[in-house]
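Residue numbers (the UniProt record's numbering): 1 to 464.
Don't be surprised by glycine CBs; every beta carbon is placed ideally from N, CA and C.
Fair warning: this is a prediction, and the values are worked out from it, not measured in the lab.
Remarks on the structure that follows.
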Amino acid sequence: MFAAGHPLRFRARASGVLEREGPGVCCWSVARIGHARMGRPAGLRIPTSHLDSMPPSVIRDAPGEDAPRARVLLVDDTPANLLSLEAILEPLGQELVLARSGEEALRELLRGEFACILMDVQMPGLNGLETAHLIRARERTRYLPILFITALSREAAFVTRGYAQGAVDYLLKPVDPDILRAKVQVFVALYLRGEEVKRQAVELAERRRSEEAAQRASELEQQLMGIVGHDIRTPLSVVLTTAKSQLASGALEPAQQKAFERVARSGERIQHIVDLLTDFTRSRLGGGIPVIPRAGDLNELCREVVDELQVARPGRTIRCDFSRDSLHGVWDLERMGQVVANLLDNALKYSPEPSAVCLATWEKPDAVFLEVHNEGAPIPPSLLPHLFEPFQRGEDSRERARTSLGLGLYIARAVVEAHRGRLTVRSSEADGTTFRLCLPRRADARLPAGGASDAGTSPAPMTA
Numbered sequence: 001m002f003a004a005g006h007p008l009r010f011r012a013r014a015s016g017v018l019e020r021e022g023p024g025v026c027c028w029s030v031a032r033i034g035h036a037r038m039g040r041p042a043g044l045r046i047p048t049s050h051l052d053s054m055p056p057s058v059i060r061d062a063p064g065e066d067a068p069r070a071r072v073l074l075v076d077d078t079p080a081n082l083l084s085l086e087a088i089l090e091p092l093g094q095e096l097v098l099a100r101s102g103e104e105a106l107r108e109l110l111r112g113e114f115a116c117i118l119m120d121v122q123m124p125g126l127n128g129l130e131t132a133h134l135i136r137a138r139e140r141t142r143y144l145p146i147l148f149i150t151a152l153s154r155e156a157a158f159v160t161r162g163y164a165q166g167a168v169d170y171l172l173k174p175v176d177p178d179i180l181r182a183k184v185q186v187f188v189a190l191y192l193r194g195e196e197v198k199r200q201a202v203e204l205a206e207r208r209r210s211e212e213a214a215q216r217a218s219e220l221e222q223q224l225m226g227i228v229g230h231d232i233r234t235p236l237s238v239v240l241t242t243a244k245s246q247l248a249s250g251a252l253e254p255a256q257q258k259a260f261e262r263v264a265r266s267g268e269r270i271q272h273i274v275d276l277l278t279d280f281t282r283s284r285l286g287g288g289i290p291v292i293p294r295a296g297d298l299n300e301l302c303r304e305v306v307d308e309l310q311v312a313r314p315g316r317t318i319r320c321d322f323s324r325d326s327l328h329g330v331w332d333l334e335r336m337g338q339v340v341a342n343l344l345d346n347a348l349k350y351s352p353e354p355s356a357v358c359l360a361t362w363e364k365p366d367a368v369f370l371e372v373h374n375e376g377a378p379i380p381p382s383l384l385p386h387l388f389e390p391f392q393r394g395e396d397s398r399e400r401a402r403t404s405l406g407l408g409l410y411i412a413r414a415v416v417e418a419h420r421g422r423l424t425v426r427s428s429e430a431d432g433t434t435f436r437l438c439l440p441r442r443a444d445a446r447l448p449a450g451g452a453s454d455a456g457t458s459p460a461p462m463t464a
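Laid out in structure tokens, this is it:
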């Protein structure tokens, strides 16, 4: 392969190593005999002098143990030539597959994919050009790069014929090892890059399918909850109206009075769940949570909510710390009462019973602030980023025993954002848990970035 006109001969040494001899030898030493497929030496050892002359890029670019590897097909009817090609390309670290005929090369192509083919032109049976023609006839291998290696004439007609059969390059013997490695390295890099693009395309398609399936499931879930909320509301209103009218009649026996009180309380709990489902469905299906701002006092609203919770939880303490007696603005007071009640209820639920829950409000020129703080175990760090997502529940054992949809904080943030405000949380072992609500003075004004808000007319109904 390297010294034209000189036959290649091998002599055996006592160590079981073959050495090539004869004029024009290219100094390759061949390792122990015993290749599984060809009955040829199992590998090659490049002498130190040749390794010293190898370009550093070849050694540097060789893949690591975990790096993807490409397969390169070497086709030549002369075993010694195959050994030489294998030794030259071994530093690239790719998988080298050897074939001693065109027929064997075609069989290898049926077994797997290759980055490129190095093929001798003159071979018995199917020669290189005929083999290339058959490779090009198959759809899967039509664009597989083929590099012809030959000692034949450089005549233009012969070279043109080779390119017509699908060759991407033509190398004449004797082959320069550095040039051969560089050419193969280019095709290997292109192949591996193409495989990576294919892999990413498959992953992207799978991700899109998963996202579309999740989106369809989410939309179906939201529509179902909307239907359930709507269908429950009408019969529930009949139950609540009947129970309240009986309680107001004053004609009930003590046992009947207790029974209707239980019916009324249970109906109100169901009503609360229906309201949550309705709000959730509106917010997720694009309708938003409607808010109807009007002038009001946030501190007065907080006092009313605290009074209601103290009646429901007589053993707990809620401390109010208001910077001033009144805190006026333009908000949807009913919706804001829902937010404050949810934050206080969560604080009572997740704090130890002897401790107090603190509610504080204060103001700045264009914004008002509200904080709810409780002691006790902090919110797990893994849950914090998802706390305001729907169907998130606390991990407290008492909470698991309760019936909860896990929509309270999701609805609370949606209401706050409908007012152009922000709802945030911080939680730690040392400081407990604090929810902070920041609202513009007017629900139709954005939170200031340093300037004053517009004090225009009363806003129209809005949605998140």
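Are residue i and residue j close, meaning C-beta to C-beta below 9 Å?
| i | j | result |
| --- | --- | --- |
| VAL305 | LEU344 | yes |
| VAL97 | LEU126 | no |
| LEU348 | ARG303 | no |
| ARG442 | VAL291 | no |
| GLN338 | VAL274 | no |
| PHE388 | ALA418 | no |
| ASP77 | ARG107 | no |
| THR141 | GLY102 | no |
| LEU236 | ILE270 | yes |
| GLY421 | LEU407 | no |
| ALA115 | PHE187 | yes |
| PHE435 | HIS386 | no |
Nearest to residue i by alpha carbon, out of the options?
| i | options | result |
| --- | --- | --- |
| ARG71 | GLN122, PRO145, ALA312 and ALA80 | PRO145 |
| ALA182 | LEU147, LEU204 and GLN165 | LEU147 |
| ASP169 | VAL188, SER266 and ILE149 | ILE149 |
| LEU192 | LEU89, ASP307 and GLU113 | GLU113 |
| ARG199 | LEU240, PRO68, ASP307 and SER218 | PRO68 |
| GLU219 | ASN342, ILE270, PHE280 and GLU375 | PHE280 |
| GLY376 | TYR410, PRO385, VAL175 and TYR350 | TYR350 |
| ALA87 | ILE289, LEU180 and SER283 | LEU180 |
| VAL425 | PRO440, GLU371, LEU439 and GLU195 | GLU371 |
| ILE289 | ALA295, ALA356, ILE117 and LEU276 | LEU276 |
| ASP297 | LEU109, LEU439, ILE117 and ALA80 | LEU439 |
| VAL75 | ALA167, LEU83, CYS320 and LEU118 | LEU118 |
| TYR410 | ASN342, ALA356 and SER355 | ASN342 |
| LEU359 | ARG319, PRO385, LEU83 and LEU383 | ARG319 |
| LEU109 | TYR143, LEU309 and PRO177 | TYR143 |
So residue i is in the beta strand (DSSP E); what residue range does that whole segment cover?
| i | result |
| --- | --- |
| VAL311 | Counting along the chain, VAL311 falls outside any beta strand (DSSP E), though it belongs to the alpha helix (DSSP H) covering 298-312. |
| ARG146 | Contrary to the premise, residue 146 reads as Ile rather than Arg in this sequence. First-last of the beta strand (DSSP E) with ILE146: 146-150. |
| ARG71 | 71-75 |
| ARG422 | 422-428 |
| ARG442 | Unbroken run through ARG442: none, as it is neither H nor E. |
| ALA67 | Here ALA67 belongs to no beta strand (DSSP E), and DSSP marks it neither H nor E. |
| TYR143 | First-last for TYR143: undefined, no H or E at that position. |
| ASP431 | No beta strand (DSSP E) holds ASP431; DSSP gives it neither H nor E. |
| ARG319 | 317-322 |
| ASP176 | Segment: none, ASP176 is in no beta strand (DSSP E) and carries neither H nor E. |
| PHE369 | 367-374 |
| LEU359 | 356-364 |
Among residues of its own chain, excluding the 5 on either side of residue i, which ones have a beta-carbon nearer than 8 Å to its beta-carbon?
| i | result |
| --- | --- |
| GLN257 | LEU247 |
| GLU363 | SER323, ARG324, LEU327 and PHE369 |
| PHE260 | ALA243, GLN246, LEU247 and LEU252 |
| VAL121 | ASN127, GLY128, LEU129, PHE148, ILE149, THR150, LEU152 and GLY162 |
| LEU301 | LEU333, MET336, GLY337 and VAL340 |
| LEU384 | VAL425 and SER427 |
Identify, in the order they occur along the chain, each residue of the same chain with its Cβ nearer than 7 Å to the Cβ of residue i, setting aside the five sequence neighbours on each side.
| i | result |
| --- | --- |
| LYS244 | ALA264 |
| VAL311 | none |
| PRO352 | GLU375 and GLY376 |
| PRO381 | none |
| ALA213 | none |
| ARG313 | LEU348 |
Enumerate in chain order the residues of its own chain whose CB-to-CB distance from residue i is below 6 Å, with the five nearest sequence positions on each side excluded.
| i | result |
| --- | --- |
| SER427 | PRO378, ILE379 and THR433 |
| PHE322 | ASN299 and THR361 |
| ASP332 | VAL291, ILE292 and PRO293 |
| LEU129 | GLN165 |
| ARG40 | Residue placement at ARG40 cannot be trusted, given a pLDDT of 39 that sits under 50; what the coordinates show is reported in the next sentence. The residues are PRO79. |
Can you give me the start and stop residues for the alpha helix (DSSP H) that residue i sits inside?
| i | result |
| --- | --- |
| LEU85 | 79-89 |
| TYR410 | 408-418 |
| VAL330 | Taken as a continuous stretch (DSSP letters only), VAL330 belongs to no alpha helix (DSSP H), being part of the beta strand (DSSP E) at 328-331. |
| ARG136 | 128-137 |
| GLU108 | 102-111 |
Any heavy atom of the ligand FMN closer than 8 Å to the beta-carbon of residue i?
| i | result |
| --- | --- |
| ILE318 | The ligand FMN is not part of this structure, which contains no ligands at all. |
* Is it true that the region 129-140 meets the region 85-93, where meeting means three or more beta-carbon pairs spaced less than 8 Å apart? -> no
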